[in-house]
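Participant: Please read through the structure below; I'll follow up with questions.
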Amino acid sequence: MCLTVGLEDLLNASSTGRWWLIGSAVNRLVNDISSVKSKDVGKSKPSLNPELVAVAEKLGLHTTSRQLTFSILVSTPGGPDATASALLKSCHTSANSPGVQLVAGSIAGREREMIHILLHCVMSEMPFNRFYPRVLGGILNCHRRFLMMIKCGFWDILNNTNLTVKAKSNAGQALGLLCLVYNFPLTVLKNYNFGDTSEGNIAFLQYTIMELCTGEYQNVLAKLLQLSAYTRLCRNCRIFMRKHLINEMVADDKFDSNLKAIVTKLVSDMREAESF
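Here it is in structure tokens:
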């Protein structure tokens with residue numbers, strides 16, 4: 001069987017992430033190929049819009065495959081689900097030779113790159129654009145095997161100390177949306193460093209929680225209580241909410257009074273649940 005990790009993956013791990021499918025996940029990938037192969041892929045090299053190529057270059061997407069992925073991402077009609085399907089379809093053919101189907105290892109590499117580009121766009125666009133995390137949600141709906149890829153993408157973001165505060169707040173808001181709408185597990189926060197008091201790290205979790213608080217209260221509380229599966233994680237999150245949300249909300253009038261009430265009640269209910 002062809003491995004899903006190549007030399008290029010290892011050499012570019014710092015930019016594309018140190019995460020690959022292994023074990024039985026590889027078998028599922030190979031078995032899935034036949035069900036998603038495109039039957040109507042063109043035979044000529046794709047012609048990319050020069051304006052989109054220029055934007056992609058500014059975002060640091062220099063290769064043909066990355067520019068093609070970005071072009072599909074921003075130009076596919078039909079909304080996030082249609083875009084997700086188009087992106088997954090493109091992962092199974094060569095960017096330079098569209099008529100050629102890729103082998104399992106190359107497909108896995110293109111899929112990892114696709115997730116990386118989506119998270120990159122999440123962090124790069126100002127103000128926060130909900131379209132990108134909804135495309136990630138559409139990809140999750142297509143196959144849950146992408147769950148681990150997206151988890152690892154967020155772990156890479158948490159470990160990256162070179163990101164701006166705005167980039168981390170966008171990533172945190174995207175995580176909150178995925179948890180709220182697409183049942184993405186909030187336990188991804190098990191790798192969150194509560195001891196890191198940098199502005200970017202704090203902003204990540206602040207915006208995750210604030211985005212969660214836009215949902216139905218009992219659903220939000222249930223998701224936060226998922227954290228109790230890991231020792232001290234729920235407690236640490238509650239302390240964070242009190243220190244970095246409630247206290248700041250009291251001191252800053254820009255926060256909505258309804259949000260203050262929701263966060264305060266969540267902290268109280270989480271403390272009560274810990275006592276059982």
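The UniProt record's numbering puts the first residue of the sequence shown at 1, with every later residue one more than the last.
Note that the Cβ used here is the ideal one computed from N, Cα and C, for glycine as well.
1. Does DSSP put residue 197 in a helix, a strand or coil?
2. Would you please state the rounded distance, in angstroms, between the beta carbons of residue 175 and residue 153? I believe it to be under 8 angstroms.
3. For residue 58, which of 121, 106, 77 and 113 has the nearest alpha-carbon?
4. Could you tell me whether the region 159 to 179 touches the region 202 to 216, using the rule of 3 or more Cβ pairs below 8 angstroms?
5. What is the rounded straight-line gap between the Cα of residue 150 and the Cα of residue 115?
6. In the DSSP assignment, find the alpha helix (DSSP H) that holds residue 240 and state where it starts and stops.
7. Just verifying my parser: in three-state terms, what is the DSSP assignment at residue 83?
8. Assuming residue 134 and residue 80 form a contact by the criterion Cβ under 8 angstroms, report the distance between their Cβ atoms to the nearest whole angstrom.
9. Relative to the alpha-carbon of residue 127, which residue among 69, 170 and 109 has its alpha-carbon at the smallest distance?
10. When you compare each of 189, 145, 143 and 206 to residue 165 by their alpha carbons, which one comes out closest?
11. Specify the secondary structure class of residue 93 as computed by DSSP and reduced to three states.
12. For the alpha helix (DSSP H) containing residue 148, name the first residue and the last one.
13. Quick check on this structure: which residue in 271, 109, 136 and 75 has the alpha carbon closest to the alpha carbon of residue 84?
14. Taking all protein chains shown into account, do 16 or more other C-beta atoms lie within 10 angstroms of the C-beta of residue 275, making it buried, or fewer, making it exposed?
15. Can you grab the Cα-Cα spacing for the pair residue 227 / residue 236, in whole Å?
16. Between 251, 202 and 189, which has its C-alpha nearest residue 223's C-alpha?
17. Please report the residue range of the alpha helix (DSSP H) in which residue 128 lies.
18. Do you know whose CA, among 271, 65, 219 and 162, lies nearest residue 240's CA?
19. For residue 71, does the three-state DSSP call read helix, strand or coil?
20. Near residue 173, which residues of its chain fall below 6 angstroms by C-beta distance, leaving aside the five closest residues on each side in sequence?
21. Residues in the same chain with beta-carbon distance under 8 angstroms from residue 249, minus the five sequence neighbours each way, listed in chain order, please.
22. Taking all protein chains shown into account, decide if residue 265 is buried (16 or more other Cβ within 10 angstroms of its Cβ) or exposed.
23. Below 8 angstroms on the Cβ atoms is my contact criterion, and I expect residue 66 with residue 91 to pass it. Report the Cβ-Cβ distance as a whole number of Å.
24. Output the boundary residues of the alpha helix (DSSP H) element that contains residue 172.
25. Can you check which of these residues, 168, 145 and 185, is closest to residue 229 by C-alpha distance?
Facilitator: So, from the data block:
1. coil
2. Their Cβ separation, rounded to whole angstroms, is 10 angstroms, which puts residue 175 and residue 153 out of contact at 8 angstroms.
3. 121
4. yes
5. Distance between the alpha carbons of residue 150 and residue 115: 7 angstroms.
6. 233 to 241 is the extent of the alpha helix (DSSP H) around residue 240.
7. In the three-state DSSP reduction, residue 83 falls in the helix class (H, G or I).
8. 4 angstroms
9. Checking every option, the nearest Cα to that of residue 127 belongs to 170.
10. Comparing alpha-carbon positions, the option among 189, 145, 143 and 206 lying closest to residue 165 turns out to be 206.
11. When DSSP states are grouped into helix, strand and coil, residue 93 belongs to the strand group.
12. 146 to 159
13. 136
14. exposed
15. Using only the alpha carbons, I get a separation of about 10 angstroms.
16. 189
17. No alpha helix (DSSP H) holds residue 128; DSSP gives it neither H nor E.
18. 271
19. helix
20. Excluding residues within five positions, the ones whose Cβ falls inside 6 angstroms are 128, 207 and 211.
21. 255, 259, 260 and 263
22. exposed
23. Residue 66 to residue 91, Cβ: 12 angstroms. No contact.
24. Segment 165 to 182, the alpha helix (DSSP H) holding residue 172.
25. 185
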